[in-house]
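For reference, the structure discussed in these notes is given below.
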Amino acid sequence: MAKTIEEINEKIKSRKVVVLNAEEIIDYVKEKGIKKAAKEVDVVTTATFGPMCSSGAFINFGHPDPPIKMTKVWLNDVPAYAGIAAVDVYIGAAELSETKGMNYGGAYVIEDLVLGKPVKLRATAYGTNCYSRREIETYITKDTINQAYLFNPRNALQNYPAAANSSNRTIYTYMGKLLPNFGNATYTSAGQLSPLLNDPYYRTIGIGTRIFLAGSQGYVSWYGTQHNPGKERLANGTPCGPAGSLALIGNLKEMSPRYLKACTFQGYGVTMFVGIGIPIPVIDEEMIEFLKIKDEDIYTEIFDYSVQRRNKPSYGKINYKQLRSGKIKINDKFVQTGSISSYSRALEISNVLKKEIENGKFYLTASVAPLPLEEKSNNLEILSKEEL
Amino acid sequence: MIKRKLVLSFPENIVTKPITYKLVKEFNLEFNILRAEITPNMEGKMLIEIRGDKAQIDQAIEYLTDTGVSVQEAAKDIIIDMNQCVDCGICTSICITQALTLDSKSFKLKFNKDKCILCELCRDCCPVSAIKVHI
Chain A
0 MAKTIEEINE KIKSRKVVVL NAEEIIDYVK EKGIKKAAKE VDVVTTATFG
50 PMCSSGAFIN FGHPDPPIKM TKVWLNDVPA YAGIAAVDVY IGAAELSETK
100 GMNYGGAYVI EDLVLGKPVK LRATAYGTNC YSRREIETYI TKDTINQAYL
150 FNPRNALQNY PAAANSSNRT IYTYMGKLLP NFGNATYTSA GQLSPLLNDP
200 YYRTIGIGTR IFLAGSQGYV SWYGTQHNPG KERLANGTPC GPAGSLALIG
250 NLKEMSPRYL KACTFQGYGV TMFVGIGIPI PVIDEEMIEF LKIKDEDIYT
300 EIFDYSVQRR NKPSYGKINY KQLRSGKIKI NDKFVQTGSI SSYSRALEIS
350 NVLKKEIENG KFYLTASVAP LPLEEKSNNL EILSKEEL
Chain B
0 MIKRKLVLSF PENIVTKPIT YKLVKEFNLE FNILRAEITP NMEGKMLIEI
50 RGDKAQIDQA IEYLTDTGVS VQEAAKDIII DMNQCVDCGI CTSICITQAL
100 TLDSKSFKLK FNKDKCILCE LCRDCCPVSA IKVHI
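Structure, rendered in structure tokens:
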């Protein structure tokens, strides 16, 4: 029997809603079966908490007197993009500080704003008749600025490869420090808790879906960059590599530093842990088939990050139960594994979201448009105009 | 029999003396040198695990201190800032002795000081700088 979002929201309103997180649903289905689970459970909360470079914030500072059309902008010496209206900027998480290098960057500026810390704003301008000021230096906090919203072009990737290093030297990558001769392997997906792995064909998650974004109620604003749903999939619907992705938006001023945290991968750069929770309405029995997915049903490929090419050699596929066990086998050698996303914090988010729904603080939305299932990913080739 | 892990710092004037030999000979201690290094200004550092009678270990430490060796508990030298740590677990893949592991139920980081050999491989792998090593 199908359930509508409206019916589920009615249950939230009357506090009768039944919510499980994406880990709890696994045993629930095992015990009670698909039919019963679809009938009894209304919502399953999914979550992830991992470093997501494709993140950043739009900020409007308000105008000084006389006003300024900012051309170059720095926040705590981190450049922000100012090629939009006069006092609007976009600060990217991965942007590095011009004075502190990899020890500070856009993600840290965003975190400082969330923490309520003062941030130094410096801007230059060429001056116009309508905006005569040519420079400014001042301090801002999240309370002195106008709108500040996180707008992340690519988050919550639907699966991601694991990384290892076959070379004889340590390498420093966005997948972390990789020791020589397969000294370790790292991976990043939240697996059975991950939002898009629990709704692999985007039946419920779409444009306009309300989500938990770093402690605030945000939204899926579009499909993410490099959204590539055509990736090879298993019979259970899950892709074996990065397929779908989401562009997310939410009010920075309402976010919590516990779920939005700047970080630095040594030798690689600055990025940001983003905490995302997405409720999946149990609209029918088919949805339960997808939601019952567990770590051992989800596979990813291990790539050799010492090969500095777009296509890296693969050491085969492996499931998340093996990865999460802390030890896998590559070329008959035992290799220790570690995750660069936090399963424990993702689990926490799935439970926070669960409580919010149970307490009537979070209502579900139907998506206003679906995420595409046909989009493909292009590579960037070096071509002359004639070769295009 | 008890076991302790110590960091011994040898100043320049005694760096050539056979001090560890005395630990065996005089105090009947078993020991395992986990790491040893002499820095360019000739200060020696040694990470050592000693095993023996408690009274004799205490006497040995007294002897070491009297000789001019500074003695520190080794486990105190690694600090994990749990307020910063997000329990990702990347350090658990680097830790060769598995002193750093994720709890199999809560997936939170656990640090077993007894297993740590202060190799420092983990120091620069933490994305939130929660691991601090003082040696």
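One line per chain: the protein sequences are A and B, in this order. Just so you know, we're using numbering that gives the first Met the number 0 here: the first sequence kicks off at 0 and counts up by one. Just so you know, we're using numbering that gives the first Met the number 0 here: the second sequence kicks off at 0 and counts up by one. We put the CB at the ideal spot given by N, CA and C, even for glycine. Since this is a predicted model, take the numbers as computed values, not measurements.
{"Query": "Inter-residue CB distance, A:L245 and A:Y267 (contact presumed, cutoff 8 Å)", "Result": "Actually they do not touch by this definition, with Cβ atoms about 23 Å apart."}
{"Query": "Cut-off 6 Å between Cβ atoms - residues of its own chain near A:S13, not counting five sequence neighbours on either side", "Result": "none"}
{"Query": "At least three beta-carbon pairs within less than 8 Å, the stretch 270-281 of chain A to the stretch 338-355 of chain A", "Result": "yes"}
{"Query": "Test: B:T91 CB closer than 7 Å to a CB of chain A", "Result": "yes"}
{"Query": "Segment contact flag, the stretch 74-82 of chain A with the stretch 109-123 of chain A, C-beta cutoff 8 Å, min 3 pairs", "Result": "yes"}
{"Query": "Selection from A:K375, A:S366, A:K260 and A:R232 that minimises the alpha carbon distance to B:C84", "Result": "A:K260"}
{"Query": "For A:P179 and A:N406, believed in contact at Cβ under 8 Å, the rounded distance", "Result": "The requested residue 406 of chain A is not part of the displayed model; chain A covers only 0 to 387."}
{"Query": "7 Å Cβ cutoff, A:T185 in contact with chain B", "Result": "yes"}
{"Query": "Those runs of the beta strand (DSSP E) which lie wholly inside the stretch 145-176 of chain A and span at least 3 residues", "Result": "147-154, 161-163 and 170-172"}
{"Query": "Whole-angstrom distance between B:R3 and B:D113, CA atom to CA atom", "Result": "9 Å"}
{"Query": "Which residues DSSP lists as bridging A:S313, in chain order", "Result": "A:F302"}
{"Query": "Unbroken alpha helix (DSSP H) run spanning B:I89, endpoints", "Result": "I89 to I93"}
{"Query": "Backbone secondary structure at A:S388 - three-state DSSP", "Result": "Given that chain A is displayed from residue 0 to residue 387, the structure contains no residue 388 of chain A and the question cannot be resolved."}
{"Query": "Contact between the stretch 36-48 of chain A and the stretch 102-110 of chain A (3+ Cβ pairs under 8 Å)", "Result": "no"}
{"Query": "Burial state of A:S96 (16 or more Cβ within 10 Å)", "Result": "buried"}
{"Query": "Residue range of the alpha helix (DSSP H) that includes A:K12", "Result": "I4 to K12"}
{"Query": "Any C-beta of chain B under 7 Å from that of A:S418", "Result": "The structure shown does not extend to residue 418 of chain A, since chain A is modelled only from 0 to 387, so the question has no answer here."}
{"Query": "Extent of the continuous beta strand (DSSP E) to which A:V28 belongs", "Result": "A:V28 -> not in any beta strand (DSSP E); alpha helix (DSSP H) instead, spanning E23 to E39."}
{"Query": "With 16 other Cβ atoms within 10 Å as the buried cut-off, status of A:V367", "Result": "exposed"}
{"Query": "Whole alpha helix (DSSP H) elements within the stretch 66-113 of chain A, 4-residue minimum", "Result": "105-113"}
{"Query": "Within-7 Å CB hit, B:K107 to chain A", "Result": "yes"}
{"Query": "Beta-carbon contacts of A:N145 that lie in its chain and below 6 Å, excluding the five residues immediately before and after", "Result": "N59 and G61"}
{"Query": "Chain-ordered chain A contacts of B:T96 [CB-CB under 9 Å]", "Result": "In chain order: nothing, as chain A lies at least about 11 Å away."}
{"Query": "Beta carbon of A:R209 nearer than 7 Å to that of A:Y218", "Result": "yes"}
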